[in-house]
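Below: one structure, written as structure tokens.
This is the structure:
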């Protein structure tokens, strides 16, 4: 069957309404043989604004973006919606429909299906809403407060869609969300901003029917309270206000079920958001830099989760808080940014751009400790210096020791080779190599100076051998 827009409807319960009764046992009202339906006129182009300002509108888009497999398709859909390519939007239980015009002017009929709530779910939602008058008032004000959605979820009713809940159908033949279904969803987010009843209609209840049922249940509840339940309800409220006696709570501690096992960690960090939109950024905002920070946050959160789930985590010392300069080096090492962002990180680290590469190498070899070895030249006390000299003398077999000369208070350079050992405050040795006239980290620390040099000597010129170590 076709309507004035040329839509051919094929209702498949529970998406849309077929000719039989719905799963709630009540026959839906009909408009041209379909369920209750509201058609919204085409919205003007959305230049210079987002597609959702309300939290529930953003949750709708989050479900779309989490479901779609191809972010590029969604980007094209966002552009189509922004330029006014979405026609009138028809909303009815389980389905939204619109004609979407592609860039070349070709029109496609696009549908997005959403599971309707069943009879039991609606009963629980209505009972919950009647018990909390503020929820009804919020809906009448065209608001959907978070606690309404939370209370509904507590009653086993999921109002907002989640991953995989928005099922696309389009005459372009795509099996996943295409630009046309994406454009439709972005446009519907604008409708949801203005009226959350649009979502409730998709879930299976039109506004008038929903309000009538709430009114009937509210009246029945008032009658029950008047017949003697008022005292009981008041008593329950008073008990809630008093809380639970401490002795009762302590006695119940032994019968509480054990905590569930922690969830398994994902294999990889989550993907950061794409800020590549058609809207110019606000002055002083660098979208590329924000994308780097968002991606870095995902990597750090994943690393922290893995650490927290590792055995013995509770016995590990707290991580050292980084200075802004150290964190700039860490971010450059982890994020591997482009040259422009790298220049900003170099400035944040207090280093010339040419020195940031050496700092990044140090960080990758040993974090804060390696960075300190790069930046600081410390003076060991005579006892530490004596141990270091003795360790250098014992590290090689006779006849195999390279000649070394002291190059600083805790640094020894291999004679005839661009190699150096640096001794840190914890008694470890760090290898360095001279590149383009400057010393750069060449490997991780080692308790053995010979072991520290072993990994870098293959790539450097052979050092001269001597009978001893010149220290």
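Numbering (the working numbering), first residue to last: 29 to 499. Even for Gly, the Cβ is constructed at its ideal location relative to N, Cα and C. Just so you know, these numbers come straight off a predicted model, no measurement behind them.
Contact under 8 Å by Cβ, residue i with residue j
i: residue 187; j: residue 85; result: no
i: residue 192; j: residue 96; result: no
i: residue 447; j: residue 461; result: yes
i: residue 249; j: residue 158; result: yes
i: residue 136; j: residue 205; result: no
i: residue 324; j: residue 287; result: no
i: residue 437; j: residue 386; result: no
i: residue 128; j: residue 227; result: no
i: residue 406; j: residue 453; result: yes
i: residue 429; j: residue 441; result: no
i: residue 444; j: residue 459; result: no
Distance between residue j and residue i (C-alpha atoms, nearest Å)
i: residue 154; j: residue 242; result: 6 Å
i: residue 363; j: residue 320; result: 7 Å
i: residue 94; j: residue 141; result: 16 Å
i: residue 350; j: residue 402; result: 16 Å
i: residue 426; j: residue 417; result: 16 Å
i: residue 301; j: residue 322; result: 7 Å
i: residue 236; j: residue 225; result: 10 Å
i: residue 339; j: residue 327; result: 20 Å
i: residue 316; j: residue 368; result: 10 Å
i: residue 194; j: residue 304; result: 23 Å
i: residue 166; j: residue 173; result: 7 Å
i: residue 346; j: residue 477; result: 29 Å
i: residue 54; j: residue 65; result: Confidence at residue 54 is low in this model, with a pLDDT of 33, below 50, so its placement is unreliable and no value can be given for it.
i: residue 80; j: residue 134; result: 27 Å
i: residue 222; j: residue 293; result: 38 Å
i: residue 306; j: residue 182; result: 39 Å
i: residue 145; j: residue 189; result: 12 Å
i: residue 59; j: residue 168; result: Any reading at residue 59 needs caution, since the residue's pLDDT is 35, under 50, leaving its predicted position unreliable; the model's value is listed next. Distance between the alpha carbons of residue 59 and residue 168: 24 Å.
i: residue 295; j: residue 332; result: 13 Å
Identified DSSP bridge partners for residue i
i: residue 433; result: 441
i: residue 209; result: DSSP lists no partner for residue 209.
i: residue 222; result: Answer is none; residue 222 lacks a bridge partner.
i: residue 67; result: 118
i: residue 127; result: 137
i: residue 448; result: 441, 460
DSSP state of residue i mapped onto helix, strand, coil
i: residue 150; result: helix
i: residue 79; result: coil
i: residue 103; result: helix
i: residue 217; result: helix
i: residue 401; result: helix
i: residue 458; result: strand
i: residue 468; result: strand
i: residue 195; result: strand
i: residue 420; result: helix
i: residue 476; result: coil
i: residue 414; result: helix
i: residue 90; result: helix
i: residue 350; result: coil
i: residue 165; result: helix
i: residue 369; result: helix
i: residue 390; result: helix
i: residue 339; result: coil
i: residue 304; result: coil
- [ ] May I ask you to verify whether the segment 414 to 423 touches the segment 390 to 406, counting CB pairs closer than 8 Å and requiring at least 3?
- [x] With fewer than three CB-CB distances shorter than 8 Å, the segment 414 to 423 does not count as touching the segment 390 to 406.
Open item on the list: For the structure I just gave you, are there three or more beta carbon pairs, one from the segment 110 to 127 and one from the segment 63 to 80, closer than 8 Å?
Closed with: Touching, yes.
Open item on the list: Does the segment 226 to 245 come into contact with the segment 113 to 133, if we say contact requires no fewer than three beta-carbon pairs (one atom in each stretch) closer than 8 Å?
Closed with: Yes, since at least three Cβ pairs between the segment 226 to 245 and the segment 113 to 133 fall closer than 8 Å, the two stretches touch.
Open item on the list: Within 8 Å, do at least three Cβ pairs link the segment 329 to 348 to the segment 378 to 391?
Closed with: Touching, no, given that fewer than three Cβ pairs across the two stretches are closer than 8 Å.
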